[in-house]
Each structure stands twice: as C-alpha cells, then as structure tokens.
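Undergrad: Numbering (the working numbering) for the sequence shown: -4 to 170. Let me begin by handing over the structure; questions about it come next.
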Amino acid sequence: RLRSVDAYAISLWNSRGHEIQGFEIKASRSDWLVELSDPQKAEAGARFSDRWWVCAPKGVVHQSELPEGWGLIVPIGKGLREQVKPAKHSRLEPPRDWWISALKKLAQRPGDEEISRRLYSSYQDGLKQGRDEHRFATEHVKGELDRLQKSVGEFEATSGIKLSEWNGGERGEGS
C-alpha cells in the first residue's frame, strides 16, 4: 500500500521532461522530527518522483538534517524560496492502482460549472443577508429618528421655542 504524499507537481512541458516533483509539508519542528524518525514514509512517495522536497517554515528543518538528495523550500511572503536543491534521481512508475486513485480523486472534484454554481449561490446568499441587515439597520435608524423627532416636537410645544428657527438667544426669549 502506498503512503500518502502531501503534494505532487507534474511539469506539463516536453522540454522539462514531464518531471514529477514530490513535496512533504512540515508545519512544525516536532512534525519534522517525527518524519526524521521514520523516513520510509517519505521515501515511499519519493521513489515515484524525479525530485523530492520538504517544504517548511524557516527554522523547522536544519539543512544538515536533510536526508541525502532531498531539497528544502521555505515560504517567504506569498512565495517559496529554494534553500537546498534536491538531486534528480530516476523514478519508478507508480502502480496502476495509484493512477486510478489519483484520477478518481480528480474526477470527484467539482468541475468549473459546479464551482460557478456554488459561487453564484453563495453570492446570492450573501446579497440576501446584506439586504436583510441593511433593512434591519434602516428600520432601526428610522425608529430612532421618529423617537428623536417626537422628543423635539414635545420640547418645542412645551418650551415655545422652535429649534429650527432659534437664533441662539437667551433661554425664554424665543426667536
């Protein structure tokens, strides 16, 4: 049984020889140390790739710990930077059940139409939610405005001062 590999990348260019690169992603030092204690897991996946990489944040993997031939890349900002270039080695062809499993997973992924349908549905849900929230906020503000206008009207009726006409004179002077 093949063990799981975090990612494979396959070059689509003839000039690159359709090279297959395998990646093992390590998020923490402890995760990396577990990997080092059982490198057979990665070796099982590496044998089907032309190059084998470990991808980990800076400081997780010390270059001196890398097994021979493995490469190291680290995330930098929104990209990746090569720290150690992996050796190119000849790969084995993956068994037929591996290809079937990989193609089955691809086939089960939603297609462009399904993704578009989901995006449109999510957009419509968000639009409805935004309209509902706007309606609620508008009703709240309108209620507050009505309350304040009523208070101002009561004040004007009691005091005899029209706030919209008041020129800033002394209290009781009116306009």
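Note that the Cβ used here is the ideal one computed from N, Cα and C, for glycine as well. As the structure is a computational prediction, the values presented were derived from the model and not from experiment.
When you compare only the Cα positions, how much space is there between I15 and L28?
TA: Roughly 26 Å between the two C-alpha positions.
Undergrad: On the criterion of 16 or more Cβ atoms from any shown chain inside 10 Å, does W47 qualify as buried, or is it exposed?
TA: W47 is buried by the Cβ-count criterion.
Undergrad: Let me make sure I understand the geometry here. Which of V147, L114 and L87 has the alpha-carbon closest to that of A39?
TA: The option with the nearest alpha carbon to A39 is L87.
Undergrad: Kindly identify the DSSP beta-bridge partner or partners of L75.
TA: For L75, which the question treats as bridged, DSSP gives the partners P70.
Undergrad: Pick from Q144, E30, W8 and A37: whose alpha carbon is nearest that of V0?
TA: Minimum Cα distance to V0 is reached at A37.
Undergrad: Touching or not, the segment 6 to 25 and the segment 55 to 65, by the rule of three or more beta carbon pairs under 8 Å?
TA: As far as the Cβ criterion goes, the segment 6 to 25 touches the segment 55 to 65, which means the pair count is three or higher.
Undergrad: Skipping 5 residues on each side, what residues in its chain have a beta carbon closer than 6 Å to that of S6?
TA: So the list reads H13 and E14, once near-sequence residues are dropped.
Undergrad: Can the beta-carbon of P105 be found less than 8 Å from the beta-carbon of F43?
TA: No, these two residues do not count as a Cβ contact at 8 Å.
Undergrad: Have a look at T133 and A152 and give me their C-alpha separation to the nearest angstrom.
TA: If you take the alpha carbons of T133 and A152, they lie about 28 Å apart.
Undergrad: Quick one: Cα of S170 to Cα of R130, how far?
TA: Any reading at S170 needs caution, since the residue's pLDDT is 49, under 50, leaving its predicted position unreliable; the model's value is listed next. Looking at the two C-alpha atoms, the distance is approximately 39 Å.
Undergrad: Between the C-alpha atoms of Q119 and E108, what's the straight-line distance to the nearest angstrom?
TA: Their Cα atoms are separated by approximately 16 Å.
Undergrad: Tell me whether the beta-carbon of G64 lies closer than 8 Å to the beta-carbon of A82.
TA: The answer is yes: Cβ separation under 8 Å.
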